[in-house]
Amino acid sequence: MGVAIETEVWEPNRALYIFMFICCFLSIFCLPNKSIPNVFDHAPSSSLLRFQRTFLLFYSLSSVIEGLWPVFGEYEWAYYGVSKEQMVMSLCVGYGVSLFIGSFLGMLSDLIGHKKLCLLFYMLHLFFGIWKRITADPAIWLASTCLSLASSVFSFSFETWMVVENDKLGQRQDALNDMFWLMTFFESASFIGSQVLGNWLIDSNVNKNIASIGNAAIVITVIAITYVTRGWKEAPQAASFKDYRILFYKNVISDKRIWLLSWVQACVHFSVVAFWILWAPTIVVRFQLHLNSLIFPT
13 MGVAIETEVW EPNRALYIFM FICCFLSIFC LPNKSIPNVF DHAPSSSLLR FQRTFLLFYS
73 LSSVIEGLWP VFGEYEWAYY GVSKEQMVMS LCVGYGVSLF IGSFLGMLSD LIGHKKLCLL
133 FYMLHLFFGI WKRITADPAI WLASTCLSLA SSVFSFSFET WMVVENDKLG QRQDALNDMF
193 WLMTFFESAS FIGSQVLGNW LIDSNVNKNI ASIGNAAIVI TVIAITYVTR GWKEAPQAAS
253 FKDYRILFYK NVISDKRIWL LSWVQACVHF SVVAFWILWA PTIVVRFQLH LNSLIFPT
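Following the numbering used here, the numbering of the sequence shown begins with 13 at its first residue and continues without gaps.
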């Protein structure tokens, strides 16, 4: 299958975003929001409802922050003259940092608390945004390191925090399943919203307004940090490192299901890495003709 590149600038219709949001909300209203009643069921407590509203709010903010940087990530690198070799190397460095450092962040969050690790997610984005704003440089190595670590934290820390808080409130498994579904919906809607926000900030002048995405990410990150530090309390971790090591070996290392799940997750991430390593250099090669153009099969 050949690929032809149209040189005319193409942008999706604004009504498409409205259509996506309508579909998302219809999926909520059409899906039954109540499970089969049981004599042992209890009405959700006020603490659970307050926790859900609070958690979904700052999780949505985190999803917007996570989705803002990739809006024009590789395009920005190509605009600043980054070669395809440098782009591929930066991707490899980022995934290597996620592998060798991000793998231990889960254990670190169990020891120091999930709230502190979520704050690390915000601090990484804030540090990168301020550095990029001051230096006015693409900073591909810093971007690949900070954003890869932040993505590793985002992929597990928020969900783990939600599960721990759900257990503390003594809620049933159904409430946890509903919360996972709501997180998936809000994450998807927030990612779409981040693309809308990024394109609105860029407007028609990409070369002039490309730095506005970083400014928006800094503002949202500061709001999220203020909201989490002042509006959320977390019980201190009581387990010592020795006790944690024993429990980790018993419940994780010795469980074959964990190893199987890890293998499946590794395969998924490998396919994503392979896609981006193959796709990113084509943006540099076709930069003169690409420029947000329409690619269609011939």
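For each residue, glycine too, the CB sits at the ideal point set by N, CA and C.
Note that the C-beta distance between L131 and C158 is not below 8 Å. A residue is called buried once 16 or more other Cβ atoms fall within 10 Å of its Cβ, and A90 is buried on that count. The C-beta distance from F133 to S169 rounds to 7 Å, short enough to fall under 8 Å. The Cβ-Cβ distance between A223 and I77 does not fall below 8 Å. A direct Cα-to-Cα measurement between I34 and G205 gives close to 13 Å. A Cβ-Cβ distance of about 7 Å is found for the pair V105 and W153, placing them in contact under the 8 Å criterion. With a threshold of 16 other beta carbon atoms within 10 Å, T241 falls short and is exposed. A residue is called buried when at least 16 other Cβ atoms come within 10 angstroms of its Cβ; Y261 does not meet this threshold and is exposed. Boundaries of the alpha helix (DSSP H) harbouring I77: 58-80, taken from the DSSP string. W81 has its alpha-carbon roughly 11 Å from the corresponding atom of S156. The C-alpha of F116 is placed about 24 Å away from the C-alpha of F192.
Boundaries of the alpha helix (DSSP H) harbouring Y107: 96-112, taken from the DSSP string. The continuous alpha helix (DSSP H) containing G118 extends over residues 117-124. Between S163 and G210, the alpha-carbon positions lie close to 19 Å from each other. Excluding its 5 nearest sequence neighbours in each direction, W143 has C-beta neighbours in its own chain below 8 Å: A151, L154, listed in chain order. Going by DSSP, K262 is part of no alpha helix (DSSP H) at all; its letter is neither H nor E. A27 sits in a helix when the DSSP states are folded into three classes.
Counting other Cβ atoms within 10 Å of its Cβ, E97 stays below 16 and is therefore classed as exposed. Here S59 really is in contact with L181; their C-beta atoms are around 6 Å apart, less than 8 Å.
In this structure, S75 lies away from F197, with their beta-carbon atoms at least 8 Å apart.
For A155, the enclosing alpha helix (DSSP H) stretches over residues 152-180. Here DSSP, grouped into helix, strand and coil, assigns A223 to coil. In the three-state reduction of the DSSP assignment, Y91 falls in the helix class.
When the five nearest sequence neighbours on each side are left out, the beta carbons in the same chain lying within less than 7 Å of the beta carbon of F139 are those of C158, in order along the chain. Residue nearest to V264 within the set M119, R145, M174 is M119 (criterion: CA-CA distance).
For S121, same chain residues with a beta-carbon under 7 Å away, outside a window of 5 residues either side, are L129, S169, T172 in chain order. Residues F203, S206 of the same chain have their beta carbon placed closer than 6 Å to that of G79, with the five preceding and five following residues left out of the count.
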